[in-house]
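See below for the structure under consideration.
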Amino acid sequence: MLKFLLITLIILISLTILTKGDSGIINIYYNGTIVAELHNVSEFNLIGDYAGGLKVIGGEYNLSDGHLFLRGNGTVYVYYRAILPKGVIQIQENKNFTINIYLPTNSTITYVTP
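Under this note's numbering, the first residue of the sequence shown carries the number 55, and numbering increases by one thereafter.
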């Protein structure tokens with residue numbers, strides 16, 4: 055029983071450490087829809103070329119030159135449409151995000167880092 059409790063405690067501590075640095079989740083869909091769940095983030099660089107439909111829930115914002123400046127406490131949800139260059143999805147963020155890219159079933163992806 056003690057062994058089980060120790061293993062459970064180690065797993066919980068590990069999960070806490072892994073998720074503590076996460077600034078949110080960004081979902082990128084192949085049709086250009088971007089959905090972001092941001093935790094305690096004050097600036098977000100838009101992915102792709104902004105094409106409209108911006109919706110921000112949970113805070114106030116100012117959009118300037120491809121950057122979204124956020125004011126609010128806690129979690130902010132950002133939805134918008136983007137034009138993604140054919141074959142390229144470029145993300146430039148200074149924070150740790152979980153990034154999900156949803157592609158059609160016949161697509162492939164290659165990760166390139168500078």
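Note that the Cβ used here is the ideal one computed from N, Cα and C, for glycine as well.
From a predicted model like this one, the values you see are computed outputs, not experimental measurements.
Residues near residue i by beta carbon distance below 7 Å, same chain, minus five either side
| i | result |
| --- | --- |
| Y83 | Y156 |
| I137 | G86, G102, D103, A105 |
| K8 | Residue 8 cannot be examined here, being either before or after the span of the chain that is shown, 55 to 168. |
Per-residue burial, residue i [other beta carbons within 10 Å of its own, 16 or more giving buried]
| i | result |
| --- | --- |
| G102 | buried |
| V110 | buried |
| G78 | buried |
| I163 | exposed |
Length of the line joining the Cα atoms of residue i and residue j
| i | j | result |
| --- | --- | --- |
| G112 | P139 | 29 Å |
| Y165 | H93 | 25 Å |
| G86 | G107 | 11 Å |
| L117 | S161 | 32 Å |
| T167 | E114 | 32 Å |
| Q144 | T159 | 21 Å |
Close Cβ partners of residue i (< 6 Å) along its chain, the five nearest in sequence each way excluded
| i | result |
| --- | --- |
| Q146 | N99 |
| G120 | L100 |
Short Cβ contact (7 Å threshold) for residue i with residue j
| i | j | result |
| --- | --- | --- |
| R135 | A105 | yes |
| F151 | I80 | yes |
Q | Stretch-stretch touch, CB-based, cutoff 8 Å, three pairs: the stretch 114-133 with the stretch 151-163 | A | The stretch 114-133 vs the stretch 151-163: no contact.
Q) Looking at C-beta atoms only, is the number of pairs between the stretch 118-127 and the stretch 90-101 that lie closer than 8 Å three or more? A) Look at the beta carbons and you see the stretch 118-127 touching the stretch 90-101: at least three pairs across the two are nearer than 8 Å.
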